[in-house]
Every structure is written in structure tokens, then in C-alpha cells.
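Peer 1: First residue of the sequence shown: 1377, per this note's numbering; consecutive thereafter.
Positions of the beta carbon are idealized from the N, C-alpha and C atoms, including for glycine.
Since this is a predicted model, take the numbers as computed values, not measurements.
There's a structure below that I have some questions on.
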Amino acid sequence: MHKIVGYAFILVTALAGHALAQSYEQQRRQCTDHSIALDLRLAGCTATVEADRERRGTLVVSLTNRASVYTQMGELELALQDYNQAVRLDPNSGWIFANRCAAYARMDEYDLAIQDCDRALRHEPANVLALSSRGFSYAAKAEHERAIQDFDLAILLISSNAGVLAARGRSFLATGQTDRAIVDFEAALRLAPKSAEILYSRGIARQRNGDAAGATADIAAAKAQVPDIAERMARYGVR
């Protein structure tokens, strides 16, 4: 146990030392470099947060960047702490509200997510993250017509997002629009052809449309990748 703790201390110290040895611009680039490991990005973000403590404007950016990394790591409470501090420093930033909205949605705090997305969209009506995150939140609350409206706008702005296309497909499926759901699932699969979630969703839509062979093939392909896909997708009402 002592060896494990010691190793963790050495690792954190080494990462911190590496960050300190870098210039501020190198640290900022490291913070936002999506090609490197999340722990290295976090070290860069933390270094820029500490460097920006006396610079209000750039501190907001550094906090939001670090919160985004925490969100990707699943450290949602830590992400919220940074987002909350960023909001206090800049209460008129649509970008911050959109990012905090996405974090709330991942925590299943859908009402709080919708409130933040509403704020984001008042400042930035074309914010795709806010539109899609609010759509996900409405869908989770079974308010599918509202969800579809948000997904429509998000897809108009960025048509190549498989996640948003699939989410709209699930809302179409929930409202009995199976043909439109299949169109969205097929568009999403062209972008993400190996997605078990989308394959399974299309399988259920095909099943409802009476395409037994297509449904069986899609569902089998999805289960081959993710054996418990049926249980996972039931959470989204896809069953």
C-alpha cells in the first residue's frame, strides 16, 4: 500500500514538475490538446489556472478548460466547482453556461441542465453544445417534441454529429416516427459505423417497422460488441 501511495505521489509530482518547466503557452496548448492523455491535459490546465489566478479574464478560460477535462474524466463534481467559479467571474458567457449544462446533463440533473442551456442560448443562439445538451435533457424527460426542435437546430448548424443524429432518431422513435428514426440512424451510422448504440436503435426501429431480418442483424451486431446493450438502451426508452 505504501508503495502504491508513494508511486502516486511521485507521478503527480513528476507531472507537476513537468508542467512548471513549461512556458505558459506550452501549458495552455497541453491543456487543450485532444491528442494526449487526459492526465497530461489536466496537469497543463491546472498549471494555467494557477498562473492565471491574478488575471480574471484568462482565469475564466483556464477554469472552463480544466472543467471540460474533468467532465471527460468523469470527475463531474470537480468540473462543477470550476464551472461555478467561472460563472461567478463571468456571468454573461454563453460558452461557460453551455459547458456546465452538458455536465449537468451527464449527472442526470436535467432541469438544471435546461436552465443553463437556456442562459447559454440567450447569449449565443447558435451554440450547438447548448442546443444538443438541452435536446438530450428534454429527451431524458420524455419531452420529445421539444428535444426534436433543439436537435433540428443543432443539425442545421453541424450536420456531421453522429450523437445528435442518433439522439434525434431516438426521439423520433419514441414518438412513433419510425421511418424518420431510421433515416437518422442510417445517417449516424455513416459517421459512426461501429456504434453499438446506433445499430441497436436502428434494429429496434426496423423491428417496429416489420423488418424482422434487418432488426435481427442490427441487434445481433450490437450485442456482439456490447452484450448488455439492451439494458443500456432501455435507459433511453429504446426497447
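1. Tell me, please, whether the segment 1506 to 1518 touches the segment 1527 to 1542 by the rule of three or more beta-carbon pairs shorter than 8 Å.
2. Where does threonine 1554 land, buried or exposed, given buried means 16+ other C-beta within 10 angstroms?
3. What is the C-beta distance between phenylalanine 1317 and alanine 1542, in whole angstroms, given that I count them as a contact (C-beta under 8 Å)?
4. Among Ala1564, Ile1580 and Pro1569, which residue has its Cα nearest to the Cα of leucine 1549?
5. Hey, how far is the Cα of proline 1467 from the Cα of threonine 1551?
6. Whole angstroms is fine: what's the gap from serine 1444's alpha carbon to alanine 1516's?
7. My assumption, with CB atoms under 8 Å, is that alanine 1481 sits in contact with alanine 1489. Please give the rounded CB distance.
8. If we call anything under 8 Å between Cβ atoms a contact, is leucine 1414 one with methionine 1449?
9. So, is glutamine 1406 buried or exposed, given that buried needs 16 or more other C-beta atoms within 10 angstroms?
10. Please return the same chain residues whose Cβ sits closer than 6 Å to the Cβ of threonine 1424, not counting the five positions on each side in sequence.
11. Is it true that the CB of valine 1614 sits closer than 8 Å to the CB of serine 1577?
12. How about tyrosine 1486 and isoleucine 1472: do their beta carbons lie closer than 8 Å?
13. Run the CB neighbour count on arginine 1582, radius 10 Å, all protein chains shown included, and call it buried at 16 or more, exposed below.
14. Report the rounded CA-to-CA distance for glycine 1433 versus serine 1411, giving the unit in angstroms.
15. Evaluate alanine 1502 with the Cβ neighbour count: other Cβ atoms within 10 Å of its Cβ, from every protein chain shown; 16 or more gives buried, anything less gives exposed.
16. By the three-class DSSP mapping on this structure, what secondary structure does glycine 1613 have?
17. For the putative contact between alanine 1474 and leucine 1452, defined by C-beta atoms under 8 Å, what is the C-beta separation to the nearest angstrom?
18. Have a look at phenylalanine 1512 and alanine 1564 and give me their C-alpha separation to the nearest angstrom.
19. Output yes or no for whether 8 Å exceeds the beta carbon distance between isoleucine 1605 and alanine 1596.
20. Measuring CB to CB, does isoleucine 1574 end up less than 8 Å from arginine 1544?
Peer 2: Well, looking at it:
1. The segment 1506 to 1518, when compared against the segment 1527 to 1542, does touch it at the 8 Å Cβ threshold.
2. Mapped onto the sequence shown, residue 1554 falls at position 178. In the assembly as shown, threonine 1554 is a buried residue. Its beta-carbon has 16 or more other beta-carbons within 10 Å.
3. Any property of residue 1317 remains undetermined from this structure, which presents the chain solely from 1377 to 1615.
4. If you number the sequence shown from 1, residue 1549 lands on position 173. Of the candidates Ala1564, Ile1580 and Pro1569, the residue whose Cα lies closest to the Cα of leucine 1549 is Ile1580.
5. Counting from one through the sequence shown, the residue named residue 1467 turns up at place 91. Counting from one through the sequence shown, the residue named residue 1551 turns up at place 175. Cα to Cα, proline 1467 sits roughly 37 Å from threonine 1551.
6. One-based indexing of the sequence shown puts residue 1444 at position 68. One-based indexing of the sequence shown puts residue 1516 at position 140. C-alpha separation (whole angstroms): 22 Å.
7. Mapped onto the sequence shown, residue 1481 falls at position 105. Mapped onto the sequence shown, residue 1489 falls at position 113. Contact flag correct, Cβ pair sits at about 4 Å.
8. Mapped onto the sequence shown, residue 1414 falls at position 38. Mapped onto the sequence shown, residue 1449 falls at position 73. Cβ atoms of leucine 1414 and methionine 1449: closer than 8 Å.
9. The sequence position of residue 1406 within the sequence shown is 30, counting from 1. Looking at its Cβ environment, which holds 16 or more other Cβ atoms inside 10 Å, glutamine 1406 is buried.
10. Locating residue 1424 in the sequence shown gives position 48, where the first residue counts as 1. For threonine 1424, where only same-chain residues beyond five positions count, the Cβ hits under 6 Å are Gln1403, Arg1404, Cys1407 and Ser1438.
11. Translated into positions along the sequence shown, residue 1577 becomes position 201. Translated into positions along the sequence shown, residue 1614 becomes position 238. One thing to note: serine 1577 has its Cβ within 8 Å of the Cβ of valine 1614.
12. Here residue 1486 corresponds to residue number 110 of the sequence shown, with the count starting at 1. Here residue 1472 corresponds to residue number 96 of the sequence shown, with the count starting at 1. No, the pair does not count as a contact, with Cβ atoms beyond the cut-off.
13. As a working note, residue 1582 is residue 206 in the sequence shown. That one is buried.
14. For the purposes of this step, residue 1433 is taken as the residue at position 57 of the sequence shown. For the purposes of this step, residue 1411 is taken as the residue at position 35 of the sequence shown. Cα to Cα, the separation comes out at about 26 Å.
15. Mapped onto the sequence shown, residue 1502 falls at position 126. Its Cβ having fewer than 16 others within 10 Å, alanine 1502 is exposed.
16. Reading the sequence shown from its first residue, position 237 is the one you call residue 1613. Looking at glycine 1613 - three-state DSSP - the assignment turns out to be coil, as it is neither helix nor strand.
17. For the purposes of this step, residue 1474 is taken as residue 98 along the sequence shown, with counting starting at 1. For the purposes of this step, residue 1452 is taken as residue 76 along the sequence shown, with counting starting at 1. Taking a contact as a CB-CB distance under 8 Å, the pair alanine 1474 and leucine 1452 does not count as one, their CB atoms being some 16 Å apart.
18. Taking the first residue of the sequence shown as 1, we reach residue 1512 at position 136. Taking the first residue of the sequence shown as 1, we reach residue 1564 at position 188. When rounded, the separation of the alpha-carbon atoms in phenylalanine 1512 and alanine 1564 is 16 Å.
19. Position 229 of the sequence shown, counting from 1, holds the residue named residue 1605. Position 220 of the sequence shown, counting from 1, holds the residue named residue 1596. No; because the gap between Cβ atoms is not below 8 Å, this pair is not in contact.
20. Translated into positions along the sequence shown, residue 1574 becomes position 198. Translated into positions along the sequence shown, residue 1544 becomes position 168. No, the Cβ-Cβ distance between isoleucine 1574 and arginine 1544 is not below 8 Å.
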